[in-house]
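Protein chains: 2
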Amino acid sequence: MTPQEITTWMHHLCTLAERETLPRFRTKTQIDNKLDQGFDPVTEADKAAETVIRNAIMQQFPDHGILGEEHGTHNENAEYCWIIDPIDGTKAFISGLPVWGTLIGLYKDGTPLAGIMHQPFTEERYFCDGTASYLKHAGGEKKLATSGENTVSQAILMSTFPYFEDKVQARFDALRNACKLTRYGTDCYAYCMLASGSIDLVAEYGLATYDIAALIPIIEKAGGIITNWEGGSAAQGGSVLACANKELHIAALEKLNA
Amino acid sequence: MTPQEITTWMHHLCTLAERETLPRFRTKTQIDNKLDQGFDPVTEADKAAETVIRNAIMQQFPDHGILGEEHGTHNENAEYCWIIDPIDGTKAFISGLPVWGTLIGLYKDGTPLAGIMHQPFTEERYFCDGTASYLKHAGGEKKLATSGENTVSQAILMSTFPYFEDKVQARFDALRNACKLTRYGTDCYAYCMLASGSIDLVAEYGLATYDIAALIPIIEKAGGIITNWEGGSAAQGGSVLACANKELHIAALEKLNA
Numbered sequence: 038m039t040p041q042e043i044t045t046w047m048h049h050l051c052t053l054a055e056r057e058t059l060p061r062f063r064t065k066t067q068i069d070n071k072l073d074q075g076f077d078p079v080t081e082a083d084k085a086a087e088t089v090i091r092n093a094i095m096q097q098f099p100d101h102g103i104l105g106e107e108h109g110t111h112n113e114n115a116e117y118c119w120i121i122d123p124i125d126g127t128k129a130f131i132s133g134l135p136v137w138g139t140l141i142g143l144y145k146d147g148t149p150l151a152g153i154m155h156q157p158f159t160e161e162r163y164f165c166d167g168t169a170s171y172l173k174h175a176g177g178e179k180k181l182a183t184s185g186e187n188t189v190s191q192a193i194l195m196s197t198f199p200y201f202e203d204k205v206q207a208r209f210d211a212l213r214n215a216c217k218l219t220r221y222g223t224d225c226y227a228y229c230m231l232a233s234g235s236i237d238l239v240a241e242y243g244l245a246t247y248d249i250a251a252l253i254p255i256i257e258k259a260g261g262i263i264t265n266w267e268g269g270s271a272a273q274g275g276s277v278l279a280c281a282n283k284e285l286h287i288a289a290l291e292k293l294n295a
Numbered sequence: 038m039t040p041q042e043i044t045t046w047m048h049h050l051c052t053l054a055e056r057e058t059l060p061r062f063r064t065k066t067q068i069d070n071k072l073d074q075g076f077d078p079v080t081e082a083d084k085a086a087e088t089v090i091r092n093a094i095m096q097q098f099p100d101h102g103i104l105g106e107e108h109g110t111h112n113e114n115a116e117y118c119w120i121i122d123p124i125d126g127t128k129a130f131i132s133g134l135p136v137w138g139t140l141i142g143l144y145k146d147g148t149p150l151a152g153i154m155h156q157p158f159t160e161e162r163y164f165c166d167g168t169a170s171y172l173k174h175a176g177g178e179k180k181l182a183t184s185g186e187n188t189v190s191q192a193i194l195m196s197t198f199p200y201f202e203d204k205v206q207a208r209f210d211a212l213r214n215a216c217k218l219t220r221y222g223t224d225c226y227a228y229c230m231l232a233s234g235s236i237d238l239v240a241e242y243g244l245a246t247y248d249i250a251a252l253i254p255i256i257e258k259a260g261g262i263i264t265n266w267e268g269g270s271a272a273q274g275g276s277v278l279a280c281a282n283k284e285l286h287i288a289a290l291e292k293l294n295a
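These protein sequences, in sequence, are chains X and G. Per the working numbering, residue 38 is the first one in the first sequence, and the count goes up by one each step. Per the working numbering, residue 38 is the first one in the second sequence, and the count goes up by one each step.
Below is the structure:
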């Protein structure tokens, strides 16, 4: 697939998803709980958006694979595999906050190639076509670039949750306490703030593949580094550390593994 | 002042402020730190926005008082006093997140009468004209009403920070652990999500008058209850507990004071 073809299709799929998500945002849409213990919500909007994305991919690219949060895997060993989180940040979605997004990633032979984060309420699309990363919004389109901040003590950190299991908490707190500022509750939006240079670090734990797949190329092609907390690949989720640049990545890994 | 006059002026003042805040959002605007220990940022945008709001009030209403976060008090014992936080959520602002807002409240004889929260990036204006509360945005205008949720275990809670001093932490955690879901990093946006029925509770500690003044009438005229953690007035800041309705307020106060 060419960068042009990828871009056209990512935007088209997001537009289809928007018709299912945005009309249900801030309404009394049906919310189900995926967990017996705890609260992991899924809404009609999540399910319907993933369905329209999958149907469009299967019709246009019958040989491609699909991995989606709500409706599982299909032909996942194909050369091209689409990885879908129809609403990343469902907790933000049901709370009325405009920091959720539709994530669509494209892996080629298991490696992240391209991806998009679409926030339809703010009309922002952060995406990578495989060669460079862009923000398209009501004001136009611009190329994304991460910040030059290379000192942890001057860095702004984001994480969706402040609380982790004990061993993880100590590692996260070592990084958090070294940073200038930490913000929570940010989901996919955090990685887009990193790619656009507004913040410098994102650290999260226990992510699924579909939480991070679309965001990896956006960050890498904006100049950032994204790995797990040991410095290995983040392409299958797990722990994730995203940094504005190489120097900051080395320094942040040291804090997490002191 | 009539509700019509109040509404016209609140919107006008927000439009003046927007010209100072929005062009500096997600740019490399000057950031200063107000603290010797810790990080409490103030930007050019905060200072410039408060200046234009103050100048407009002083010219139109020379007898009125003003209390502002950045530029202090003026004639504060007047019958009408305007209370200004030019950017509530400066940490969100410098992190690129669209959950900050310009807060302008109007007290009459020391009592909250009217207020507005304006988020110029999302083009949302949550406001109370002294009689009812509204959301005005790109899609039109609607009357605000809080949720009917009256059980803490089913409630969604918001708070800007997850961490407090020890004694306060135990009280906050007792409430948080009883709720269905807690979201952080929300500043003034949390109170607007409460007024519009998306969430059910907000609990914060250590607020200043200008952090809460504009939001009190918005919540009260949307059907909510807002007090401090002892059930007294929140009009001077301090601890703040905002609830969707009376029943939930009684139940939440019990958790905070168990």
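Glycine included, each C-beta is placed from N, C-alpha and C at the ideal position.
Between Cys-118(X) and Pro-254(X), the C-beta gap is not smaller than 7 Å, which leaves the two residues out of contact. Put simply, the CB of Thr-188(X) is far from chain G, with every gap to its CB atoms at 7 Å or more. Bounds of any beta strand (DSSP E) do not take in Cys-216(G), whose DSSP letter is neither H nor E. For Lys-217(G), the chain X residues whose C-beta falls within less than 8 Å of its own C-beta are Phe-76, listed in chain order. Annotation: Tyr-247(X) has no Cβ neighbours in chain G at a cutoff of 9 Å; minimum Cβ distance is about 21 Å. Interface flag for Lys-180(X) against chain G is unset, since no Cβ pair is found closer than 7 Å. Glu-55(G) places its beta carbon less than 7 Å from that of Pro-157(G). Near chain G, meaning a CB-to-CB distance below 7 Å, the residues of the region 232-256 of chain X are Ser-233, Ser-235 and Ile-236. In this structure the region 103-118 of chain G touches the region 68-88 of chain G; the number of beta carbon pairs closer than 8 Å is three or more. For Met-47(X), there are no neighbours in chain G by C-beta distance under 8 Å, as the nearest C-beta there is about 22 Å away. If the five residues before and after Asn-70(G) are omitted, its C-beta is found closer than 7 Å to the C-beta atoms of Phe-76, Asp-77 and Pro-78, all from its own chain and listed in chain order.
Against chain G, a Cβ distance below 9 Å from Met-154(X) picks out nothing, because the smallest value is about 13 Å. Among the residues of chain X, those whose CB is under 7 Å from the CB of Pro-135(G) are Pro-135 and Thr-159, following chain order.
When DSSP states are grouped into helix, strand and coil, Leu-172(X) belongs to the strand group. A straight line joining the alpha-carbon of Ser-132(G) with that of Met-230(X) spans about 7 Å. Residue burial annotation: Lys-258(X) is buried, with at least 16 other C-beta atoms found within 10 angstroms of its C-beta.
In this structure, Tyr-221(X) and Pro-199(G) form a Cβ contact; the two beta carbons are roughly 6 Å apart against a cut-off of 8 Å. In the three-state scheme derived from DSSP, where H, G and I count as helix and E and B as strand, Thr-148(X) is classed as strand. Counting of Cβ neighbours within 10 angstroms places His-155(G) among the buried residues, the total reaching 16 or more. Under the three-state reduction of DSSP output, Leu-181(G) falls in the coil class, being neither helix nor strand. Asn-282(X) and Ile-262(X) have their C-alpha atoms some 6 Å from each other. Beta-bridge partners assigned by DSSP to Leu-194(X): Thr-219(X) and Leu-238(X).
A contact between stretches requires three or more CB pairs, one per stretch, nearer than 8 Å, and the region 271-290 of chain X meets this requirement with the region 239-256 of chain X. Residue-level contact by beta carbon holds for Met-230(X) and chain G, with a gap shorter than 7 Å.
In the three-state DSSP reduction, Trp-266(X) falls in the coil class, being neither helix nor strand.
Flagged as an interface residue toward chain X: Ile-193(G), by a C-beta distance shorter than 7 Å. Judged by beta-carbon spacing, Leu-140(X) lies beyond the 7 Å limit of Ala-93(X), meaning their Cβ atoms are not closer than that value.
Only buried fits Lys-292(X), as 16 or more other CB atoms lie within 10 angstroms of its CB. In the DSSP assignment, Val-89(X) falls within the unbroken alpha helix (DSSP H) covering 81-97. A Cβ-Cβ contact shorter than 7 Å links Ala-192(G) with Leu-238(G). Under a 10 Å Cβ-count criterion, Gly-152(X) is classified as buried, with 16 or more other Cβ atoms of the shown protein chains found around its own Cβ.
Straight through space, the alpha carbons of Ser-190(G) and Asp-146(G) are spaced by roughly 38 Å.
In the three-state scheme derived from DSSP, where H, G and I count as helix and E and B as strand, Gln-67(X) is classed as coil.
Looking from the CA of Tyr-242(X), the closest CA among Thr-188(X), Gly-167(X) and Lys-204(X) belongs to Lys-204(X).
In this structure, the beta-carbon distance from His-174(X) to Glu-160(X) falls below 7 Å. A distance below 7 Å between beta-carbons, with the five flanking residues on each side excluded, links Glu-116(X) to the following residues of its chain, in chain order: Lys-145 and Asp-146.
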